[in-house]
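Each remark here refers to the structure printed beneath this line.
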Amino acid sequence: MLLPHSHAAISAANRRGIVSMICSVAFFIANDVLVKYVSQTLAAAQLIFIRGLLACVLLLAVAHAMGATRRPGDLLQRPVLVRSALDAVATMVYLTALFHLPIGNATAINLATPLFITLFAVLALGERVGAARWLAIGIGFSGVLLVVQPSVQGFNSYALLCVMASVLHAARDTSTRYISPNVPSILITLATAVAVTVLSGVLSIAEGWKPLAWRELGLLAAASAFLCVGYYLLINSMRAGEMSVIAPFRYTALLYALVFGYVVWGDVPNALAWAGIALLVGAGLYMLHSERARTRAALEAAAD
């Protein structure tokens with residue numbers, strides 16, 4: 000049983016994790032928009048390799064400036080290697096599925112990740128998740144389905160690959176908790192970028208390469224910067240508080256995607272999508288209210 004002051008500390012950590020998660024998915028969506036644009040002219044593996052290479056250079060420079068490269072052995076710790084491998088495989092599995100599925104179906108399956116994270120948090124980390132929190136997560140996922148509106152015809156054997164990618168992403172995030180707090184988050188971010196870059200580089204050899212224009216290189220450089228910040232914030236969020244509380248705020252990615260979709264491509268949500276947005280926002284507000292209530296109860300108990 001946690002002591003009252005521990006409840007307050009955990010709630011504060013949860014809030015930090017929630018903010019990091021909400022910000023991280025914003026950077027990931029910005030990266031996705033640029034990658035989607037460049038993918039019209041470049042093969043996926045080549046695109047991911049070039050973006051990853053640029054990200055590795057940027058992260059190495061930042062890590063060196065922060066003094067994190069003084070302990071390069073941290074990159075070879077087993078939990079860091081496991082997390083990096085899971086991220087690389089999950090990325091390539093998801094992209095393989097994405098190329099053979101409607102975007103709505105792939106998005107819906109991929110955003111089931113918070114459900115798997117919560118399950119792993121219970122099984123592997125011993126977190127206690129009440130019925131109300133499970134209900135909020137379920138309502139949030141229902142909102143996702145209403146927004147993306149996946150088609151029955153769009154589900155095929157590649158949908159199973161997409162489910163596998165979601166499980167791998169959840170396993171990756173759960174494995175973050177097994178990394179020593181002494182390992183800087185920037186080094187974990189660098190290890191992740193290196194793993195994804197190496198795997199995509201191998202696959203790009205099989206796909207073949209196309210000439211790269213300066214404009215494409217500039218867009219990929221911007222995408223790599225967004226990706227680096229997203230990676231770093233995601234890792235920080237998973238190292239903060241309770242994963243079952245923080246993970247559902249990954250759903251905010253869909254809200255960012257809707258904004259970018261409208262601004263860049265002129266996509267306007269229909270009535271069902273607006274209903275889904277309402278469910279997503281409602282579930283998020285409930286989770287925040289629940290955290291505030293837990294903190295208030297803990298402080299009152301401590302005062303008594």
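Just so it is clear: in the sequence shown, position 145 is 144 by numbering that gives the first Met the number 0, and no numbers are missing. Every residue gets a Cβ at the ideal spot worked out from N, C-alpha and C, and that includes glycine. Values in this document were obtained by computation on a predicted structure and should not be read as measured data.
Problem set entry | Proximal residues to residue 260 (C-beta, below 8 Å), its chain only, five neighbours per side dropped | Locating residue 260 in the sequence shown gives position 261, counting from the first residue. Excluding sequence neighbours, residue 260 sits near 266.
Problem set entry | Proximity of residue 187 and residue 88 at Cβ, strictly below 8 Å | Numbered from 1 along the sequence shown, position 188 holds the residue referred to as residue 187. Numbered from 1 along the sequence shown, position 89 holds the residue referred to as residue 88. Between residue 187 and residue 88, the CB-CB gap reaches or exceeds 8 Å.
Exercise. Exposed or buried, which one is residue 72 when buried takes at least 16 other CB atoms within 10 Å?
Worked result: The residue you call residue 72 lines up with position 73 of the sequence shown. Burial call: exposed.
Problem set entry | Residues of its chain near residue 24, where Cβ-Cβ distance is below 7 Å and the 5 sequence neighbours each way are ignored | Taking the first residue of the sequence shown as position 1, residue 24 is located at position 25. The beta carbon of residue 24 lies closer than 7 Å to those of 249, 251, 252 and 255 in the same chain, with the five residues before and after it left out.
Exercise. Going straight from the alpha carbon of residue 148 to that of residue 75, what length do you get?
Worked result: Your numbering for residue 148 matches position 149 in the sequence shown. Your numbering for residue 75 matches position 76 in the sequence shown. Straight across, the Cα-Cα distance linking residue 148 with residue 75 is about 42 Å.
Exercise. Is it buried or exposed for residue 45, if we count other Cβ within 10 angstroms and need 16 for buried?
Worked result: Locating residue 45 in the sequence shown gives position 46, counting from the first residue. By the neighbour-count rule (16 or more Cβ atoms within 10 Å), residue 45 is buried.
Exercise. Mind pulling the alpha helix (DSSP H) runs of 4 or more residues that sit fully within the stretch 36-67?
Worked result: Counting only runs of 4 or more, we get 43-64.
Exercise. Going along the chain, which unbroken runs of the beta strand (DSSP E) with 3 or more residues stay wholly within the stretch 60-125?
Worked result: If we require 3 residues or more, the stretch 60-125 turns out to have no beta strand (DSSP E) run fully inside it.
For this session: Enumerate, from N- to C-terminal direction, the unbroken alpha helix (DSSP H) stretches of 4 or more residues contained entirely within the stretch 154-203.
Result: Runs of alpha helix (DSSP H) with 4 or more residues, each lying fully within the stretch 154-203, are found at 156-174, listed in chain order.
Exercise. Relative to the alpha-carbon of residue 218, which residue among 36, 12 and 170 has its alpha-carbon at the smallest distance?
Worked result: One-based indexing of the sequence shown puts residue 218 at position 219. Ranking the options by Cα distance to residue 218, first place goes to 36.
Exercise. Rounded to whole angstroms, how far is the Cβ of residue 184 from the Cβ of residue 238, which I believe are closer than 8 Å?
Worked result: Along the sequence shown, one-based indexing puts residue 184 at 185. Along the sequence shown, one-based indexing puts residue 238 at 239. Beta-carbon to beta-carbon, residue 184 and residue 238 are separated by about 7 Å, close enough to satisfy the 8 Å threshold.
Problem set entry | Identity of the residue in 33, 114, 17 and 292 nearest residue 264 by Cα | Here residue 264 refers to the residue found at position 265 when the sequence shown is read from its first residue. Of the listed residues, the one whose Cα sits closest to residue 264 is 33.
Exercise. Are residue 168 and residue 112 closer than 8 Å when you measure CB to CB?
Worked result: Walking along the sequence shown from the start, residue 168 turns up at place 169. Walking along the sequence shown from the start, residue 112 turns up at place 113. At the C-beta level, residue 168 and residue 112 come within 8 Å of one another.
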